[in-house]
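A.B. asks: One structure follows; several queries about it will come next.
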Ligand SMILES: NC(=O)c1ccc[n+]([C@@H]2O[C@H](COP(=O)([O-])OP(=O)(O)OC[C@H]3O[C@@H](n4cnc5c(N)ncnc54)[C@H](OP(=O)(O)O)[C@@H]3O)[C@@H](O)[C@H]2O)c1
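Residue numbers (our numbering): 6 to 230.
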């Protein structure tokens with residue numbers, strides 16, 4: 006039976022779901038009635054998430070491996086049908102040491118979260134285009150607009166993800182005006198996890214053309230009155 010709620014019948018994949026933000030987003034999506042596929046690489050972290058968020062469906066997958074992503078999508082299609090939403094939350098920070106100190110190790114680590122975005126969007130693009138309301142959400146960084154020497158690797162990797170997402174948005178605008186790719190921009194997510202979760206759910210009640218390709222600063226909600 007289809008879950009009730011504003012997102013009843015929607016299938017949403019949360020890529021990188023075991024962080025505090027991943028848990029908040031997964032919980033909000035389940036509460037809104039979506040079928041949520043929460044993905045990470047550590048089975049024990051996904052087990053913890055499944056206990057914390059009843060109703061979430063967890064999947065182990067290295068999203069940096071394109072063939073593994075294609076296999077995951079095939080399994081999802083068989084069980085749930087097409088995906089309506091992709092919330093990409095794979096991240097991590099490495100830095101320090103100025104420009105000369107930007108290491109290859111750190112770049113390899115940071116670039117992986119760009120690769121996971123490329124893989125998931127390439128594999129799920131057709132689903133999002135076919136959905137009556139396909140949504141892609143990513144969290145970018147203020148470092149893209151204001152990079153620091155010590156965080157050059159990080160800023161470059163986030164800038165790549167930011168540009169990629171806006172390219173997806175251009176594809177949506179051309180092929181599927183009811184789909185949208187939204188970019189939330191933040192310096193630190195700490196304390197803003199619930200805000201992010203609410204804004205992700207709200208993407209489905211927003212007009213696609215109003216949010217597609219838009220970089221929206223993620224700020225604490227202001228109290229009225
Ligand atoms: N935290 C901040 O202050 C901040 C600031 C600006 C932007 N952002 C962005 O916001 C988003 C969420 O950040 P966060 O700090 O909540 O994330 P995070 O703590 O870095 O969590 C990363 C998540 O991705 C999963 N993951 C890592 N590699 C993976 C892979 N190869 N395949 C599948 N899953 C993988 C991790 O689970 P496993 O370890 O189990 O794989 C974990 O669930 C990221 O895009 C980040 O860049 C964060």
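Note that beta-carbon positions come from the ideal geometry of N, C-alpha and C, so glycine has one too.
Measuring alpha carbon to alpha carbon, tell me which of 95, 40, 73 ends up nearest residue 88.
C.D. replies: Residue numbering aside, residue 88 sits at position 83 when the chain shown is read from its first letter. Among 95, 40, 73, the Cα nearest to that of residue 88 is on 40.
A.B. asks: Where DSSP assigns a beta bridge to residue 221, which residues make up the other side?
C.D. replies: The residue you call residue 221 lines up with position 216 of the chain shown. Note: residue 221 sits in a beta bridge opposite 189.
A.B. asks: Since residue 46 is in the alpha helix (DSSP H), which residue starts that stretch and which ends it?
C.D. replies: In the chain shown, residue 46 corresponds to position 41, counting from 1. No alpha helix (DSSP H) holds residue 46; DSSP gives it neither H nor E.
A.B. asks: Can you give the beta carbon distance from residue 146 to residue 206, rounded, assuming they're within the 8 Å contact cut?
C.D. replies: Within the chain shown, the letter at position 141 stands for residue 146. Within the chain shown, the letter at position 201 stands for residue 206. Contact flag wrong, Cβ pair sits at about 22 Å.
A.B. asks: Mind reading off the beta-carbon distance from residue 44 to residue 68? Whole number of angstroms is fine, and I expect it under 8 Å.
C.D. replies: Here residue 44 corresponds to residue number 39 of the chain shown, with the count starting at 1. Here residue 68 corresponds to residue number 63 of the chain shown, with the count starting at 1. Residue 44 to residue 68, Cβ: 6 Å. Contact.
A.B. asks: Since residue 74 is in the alpha helix (DSSP H), which residue starts that stretch and which ends it?
C.D. replies: Taking the chain shown and counting its residues from 1, the one referred to as residue 74 is at position 69. Here the alpha helix (DSSP H) through residue 74 covers 71-85.
A.B. asks: Cβ of residue 67 versus every heavy atom of ligand 1: is any distance shorter than 7 Å?
C.D. replies: For the purposes of this step, residue 67 is taken as the residue at position 62 of the chain shown. Residue 67: yes, Cβ under 7 Å from ligand 1.
A.B. asks: Unbroken beta strand (DSSP E) runs of length 3 or more, entirely within the region 139-223: which are they?
C.D. replies: Fully enclosed beta strand (DSSP E) runs of 3 or longer: 140-146, 185-191, 220-222.
A.B. asks: Could you have a look at residue 96 and say whether DSSP puts it in helix, strand or coil?
C.D. replies: By 1-based counting over the chain shown, the position of residue 96 is 91. Residue 96: coil per DSSP, three-state reduction.
A.B. asks: Keeping to the same chain, check which residues put their C-beta closer than 8 Å to that of residue 28; ignore five residues upstream and five downstream.
C.D. replies: Numbered from its first residue, the chain shown carries residue 28 at position 23. Closer than 8 Å at Cβ, skipping near neighbours: 22, 54, 57, 58, 198.
A.B. asks: The beta strand (DSSP E) spanning residue 63 covers which residue range?
C.D. replies: Taking the first residue of the chain shown as 1, we reach residue 63 at position 58. Counting along the chain, the beta strand (DSSP E) containing residue 63 begins and ends at 62-65.
A.B. asks: If you reduce the DSSP assignment to three classes, tell me which class residue 88 lands in.
C.D. replies: By 1-based counting over the chain shown, the position of residue 88 is 83. DSSP places residue 88 in coil when its eight states are reduced to three.
A.B. asks: When you compare only the Cα positions, how much space is there between residue 85 and residue 99?
C.D. replies: For the purposes of this step, residue 85 is taken as the residue at position 80 of the chain shown. For the purposes of this step, residue 99 is taken as the residue at position 94 of the chain shown. Looking at the two C-alpha atoms, the distance is approximately 37 Å.
A.B. asks: Hey, how far is the Cα of residue 13 from the Cα of residue 101?
C.D. replies: To locate residue 13, count along the chain shown from 1; it is residue 8. To locate residue 101, count along the chain shown from 1; it is residue 96. Each residue's Cα considered, the two are about 45 Å apart.
A.B. asks: Among 212, 153, 151, 156, which one has its Cα closest to the Cα of residue 139?
C.D. replies: Working through the chain shown from its first residue, we reach residue 139 at position 134. The shortest Cα separation from residue 139 among 212, 153, 151, 156 belongs to 212.
A.B. asks: Going by DSSP, which residues form a beta bridge with residue 17?
C.D. replies: Mapped onto the chain shown, residue 17 falls at position 12. For residue 17, which the question treats as bridged, DSSP gives the partners 41, 90.
A.B. asks: By DSSP, does residue 120 sit in helix, in strand, or in coil?
C.D. replies: Taking the first residue of the chain shown as position 1, residue 120 is located at position 115. Looking at residue 120 - three-state DSSP - the assignment turns out to be helix.
A.B. asks: How many Å lie between residue 230 and residue 11 at the Cα?
C.D. replies: Within the chain shown, the letter at position 225 stands for residue 230. Within the chain shown, the letter at position 6 stands for residue 11. The pLDDT assigned to residue 230 is 41, lower than 50, so where the model puts this residue is not dependable; a value taken from the coordinates is nonetheless given after this. C-alpha separation (whole angstroms): 28 Å.
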